């Protein structure tokens, strides 16, 4: 029998204590009234989850467009939690560490997984460097790459860590190579109730597994642009067309190439900035992005934008020049510096706004 959103699992625990439905409401009210700002947000989410409505209003992050509010069915969130639990083998009584903010879907879903699957969840203050009891064994945790970077020396007691929200860099991949947990990168969005596909980050070579694999009841295809189309009837009724260009291996597996709206057409050659960024990571320490700039001869030329660099443009260009594996089209034709990238409220780079600010400035 499929669990429903009206029920609180009898093995659910919040910071070490078990609460039934009405008791959890009292906890939520207490968090709203007496808690710190991040706890008040959590209290408001719990009140919304425990009310009689069958939906939630959730904010998107705005990383690929303007932030907006969308309506998600609570049962779809339950279905997502079950799919995640099945994929990672989570069982009632397993212990989860929650260090994400409850503003957005990823943080909300950590609580939903605990409520539905009967997890014992420890909720700590969400920050770029979350503080938790490093000696406690955890079965499951979700982090953004920045959090993983800052806690890399303290995660030996976490069994499985899923990572999402932004790019997992090669230096971070090198660091997790010899760590104890199993690491997975997630693919998804608010509209799909967090992730619909994952790929393993574990590799002795320090390379990601190239293909994302679907969670249960999710299938993929491509449109005429070679962009990913998601069919996940238990999560969203409509077929969801994305702007993510993919190499489709099967109806349940794909390789992510880049965003359709980021593609640079330079002299008739289509360049995927995200793919080239992967190649440039070994020679640029700071955050950076690639983009296209209008060019009279090429139509568009590839440019590099670096955030608050320590080196000169000449030094960066010299290192790129001798980097193996780059074609002549993939070498940036111009380098720009910016003091700070424009970001969403949860720390994702706003590519279009950042690029426009550089080119217009």
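Numbering (full-length UniProt numbering), first residue to last: 1 to 361. Here a beta-carbon is modelled for each residue, glycine too, at the ideal position from N, C-alpha and C. Small disclaimer: the values here were computed from a predicted structure and weren't measured.
Completely contained beta strand (DSSP E) runs for the stretch 161-231, where each covers 3 or more residues: If we require 3 residues or more, the beta strand (DSSP E) runs fully inside the stretch 161-231 come out as 182-189, 194-200, 212-214, 219-222 and 227-231.
Distance CB(residue 234)-CB(residue 213) smaller than 8 Å: The Cβ atoms of residue 234 and residue 213 lie no closer than 8 Å to each other.
Buried versus exposed, by CB contacts within 10 Å (16 or more), residue 113: Residue environment: residue 113 is assigned as buried (16 or more neighbouring CB atoms within 10 Å of its CB, all protein chains considered).
Identity of the residues DSSP links to residue 14 by a beta bridge: Per DSSP, 17 and 121.
Beta-carbon proximity check, residue 220 vs residue 202, cutoff 8 Å: Cβ atoms of residue 220 and residue 202: not closer than 8 Å.
Classification of residue 2 by the beta-carbon crowding that lies within 10 angstroms, buried from 16 upward: Result: exposed.
Three-state class that DSSP yields for residue 139 in the structure shown: Three-state DSSP puts residue 139 in a strand.
Per-residue DSSP class, three states only, for residue 159: If DSSP states are grouped into helix, strand and coil, residue 159 belongs with the strands.
Under the three-state DSSP convention, the category residue 5 falls into: In the structure shown, residue 5 sits in coil (DSSP, three-state: anything other than H, G, I, E or B).
Spatially closest choice to residue 279 from 261, 76, 292 and 304, by CA coordinates: Relative to the Cα of residue 279, the nearest Cα in the group 261, 76, 292 and 304 belongs to 304.
Spatial distance of residue 146 from residue 120 (CA atoms): Taking C-alpha positions only, residue 146 is separated from residue 120 by approximately 25 Å.
Which residues DSSP lists as bridging residue 59, in chain order: When DSSP reads this structure, residue 59 sits in a beta bridge with 69.
Where residue 262 sits in the DSSP three-state scheme: Looking at residue 262 - three-state DSSP - the assignment turns out to be helix.
Straight-line Cα distance separating residue 179 from residue 360: Going from the Cα of residue 360 to the Cα of residue 179 covers about 44 Å.
Contact the stretch 71-85 vs the stretch 120-133: 3+ CB pairs below 8 Å: With the cut-off at 8 Å, the stretch 71-85 and the stretch 120-133 do not touch.
Element boundaries [alpha helix (DSSP H), containing residue 148]: Residue 148 -> alpha helix (DSSP H) spans 145-151.
6 Å Cβ shell around residue 152 - same chain, five flanking residues per side excluded: Within the same chain, residue 152 has close Cβ partners 175.
Residue 18 versus residue 25 - alpha carbon distance: Taken atom to atom, the span from the alpha-carbon of residue 18 to that of residue 25 is near 13 Å.
Same chain, Cβ closer than 7 Å to residue 35, five either side skipped, listed in chain order: 43.
Three-state secondary structure assigned by DSSP to residue 308: Coil.
Identity of the residue in 166, 156, 110 and 170 nearest residue 142 by Cα: Considering only 166, 156, 110 and 170, the residue with the shortest C-alpha distance to residue 142 is 110.
Pair within 8 Å by beta-carbon distance, residue 301 and residue 314: In this structure, residue 314 does not lie closer than 8 Å to residue 301 by Cβ.
Proximity of residue 31 and residue 39 at Cβ, strictly below 8 Å: The Cβ atoms of residue 31 and residue 39 lie closer than 8 Å to each other.
Expected contact under 8 Å - CB spacing of residue 316 and residue 306 to nearest Å: Their Cβ separation, rounded to whole angstroms, is 7 Å, which keeps residue 316 and residue 306 in contact under 8 Å.
Between the CA atoms of residue 148 and residue 4 - distance to the nearest angstrom: When rounded, the distance between both Cα atoms is 32 Å.
Cβ-Cβ distance between residue 264 and residue 296 below 8 Å: No, these two residues do not count as a Cβ contact at 8 Å.
Beta-carbon gap between residue 97 and residue 126 smaller than 8 Å: For residue 97 and residue 126, no; Cβs fall outside 8 Å.
Range covered by the alpha helix (DSSP H) that runs through residue 48: Note, residue 48: alpha helix (DSSP H), 37-50.
Burial state of residue 185, where buried means 16 or more other Cβ atoms lie within 10 Å: Residue 185 comes out buried.
Reference residue 107; option with closest CA among 165, 91, 71 and 284: For the residues 165, 91, 71 and 284, the minimum Cα distance to residue 107 belongs to 165.
Range covered by the alpha helix (DSSP H) that runs through residue 322: Run containing residue 322: none; DSSP gives neither H nor E here.
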